[in-house]
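A.B. asks: Below are the structure tokens for one structure; questions will follow.
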Amino acid sequence: NAGVTQTPKFRILKIGQSMTLQCAQDMNHNYMYWYRQDPGMGLKLIYYSVGAGITDKGEVPNGYNVSRSTTEDFPLRLELAAPSQTSVYFCASSLEGGKAPLHFGNGTRLTVT
Amino acid sequence: GDSVTQMEGPVTLSEEAFLTINCTYTATGYPSLFWYVQYPGEGLQLLLKATKADDKGSNKGFEATYRKETTSFHLEKGSVQVSDSAVYFCALSSSNTGNQFYFGTGTSLTVIP
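Top to bottom, those sequences are chains A and B. So for the first sequence, the numbering used here puts the first residue at 6; every next one is plus one. So for the second sequence, the numbering used here puts the first residue at -14; every next one is plus one.
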């Protein structure tokens, strides 16, 4: 019962570095999402995907990129990291978009200094 | 656009006290409504949901009723326990949001013995 698996759990980046946050789910869900969680701000949608090969921007996509080459994996790429990207990042998946509940990973805590 | 407004915290209650966390929404269509809970160091988990007006979602002693006339989905529990200490998020999704989820800012609950 792995569900949604995110790696790494923690990461510290220097300004201008890049990295990829990994997300994998084993529930055969078509819908996958990336959110960031900032203190007192709730969750903001970065990117989402409704199936392999299809991705779309959410509320706060600038500075990020995604790809969805398989149903299982949905990596989030940060290029040229900035302090404003310090946050906790959550990946989630869903069977049926808005009607079915989201299943979340345990998050990646990223600090950019 | 569609949005969720959630009662600000933090909330501190004694064990066995009654809990209410207010949530109101703005939506042009007929959204599905959710409450998620986040325990320290973990991702969000679905607590309960309601997909149409007058539906009542319930789980683990928590309840919320989808009230279209007041555009509300308040979370209640009759007797809280220390183990209920967590952050609670109200969320909605609808066809107007492209079946994406929009979250409130979260309400932190601490229950003291």
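Here a beta-carbon is modelled for each residue, glycine too, at the ideal position from N, C-alpha and C. Just so we're clear, the structure is a prediction, and the values are computed from it rather than from any experiment.
Does the beta carbon of B/S17 sit closer than 7 Å to a beta carbon anywhere in chain A?
C.D. replies: Taking Cβ atoms only, chain A reaches closer than 7 Å to B/S17, which makes this a yes.
A.B. asks: Buried or exposed for A/I17, please, with buried defined as at least 16 other CB atoms from any protein chain shown within 10 angstroms of its CB.
C.D. replies: Its Cβ having fewer than 16 others within 10 Å, A/I17 is exposed.
A.B. asks: In three-state terms, what does DSSP make of A/S89?
C.D. replies: Residue state, collapsed to three classes: helix.
A.B. asks: List the residues of chain A whose Cβ lies closer than 7 Å to the Cβ of B/N103, in chain order.
C.D. replies: Residue 103 of chain B falls outside the range modelled here, since chain B spans only -14 to 98, and no answer is possible.
A.B. asks: I'd like to know whether the C-beta of A/G8 is nearer than 7 Å to at least one C-beta of chain B.
C.D. replies: It does not: the Cβ of A/G8 has no partner Cβ on chain B nearer than 7 Å.
A.B. asks: Spell out the partners DSSP gives A/L100 in its beta bridges.
C.D. replies: A/L100 pairs with nothing; no bridge assigned.
A.B. asks: Listed from N- to C-terminal order along the chain, which residues in the stretch -6 to 14 of chain B have their beta-carbon within a distance smaller than 7 Å of any beta-carbon of chain A?
C.D. replies: Cβ contacts with chain A: none found.
A.B. asks: Taking the Cβ atom as the reference point for each residue, do B/Y73 and B/V(-11) lie within a distance shorter than 7 Å?
C.D. replies: No. Outside cutoff.
A.B. asks: Output needed in chain order: residues of the stretch 39 to 60 of chain A with a Cβ under 7 Å from some Cβ in chain B.
C.D. replies: Correct list: G45, M46, G47, L48, L50 and Y53.
A.B. asks: Below 7 Å on C-beta distance, what does A/G112 contact in chain B?
C.D. replies: Going along chain B in sequence order, the residues near A/G112 (Cβ under 7 Å) are G28.
A.B. asks: On a CA-only basis, which of B/V96, B/T92, B/A12 and B/P98 is nearest B/P(-5)? Give me that one, please.
C.D. replies: Comparing Cα positions, the closest option is B/T92.
A.B. asks: Quick check on the DSSP output: the beta strand (DSSP E) that includes A/I17 runs from which residue to which?
C.D. replies: Here the beta strand (DSSP E) through A/I17 covers F15 to L18.
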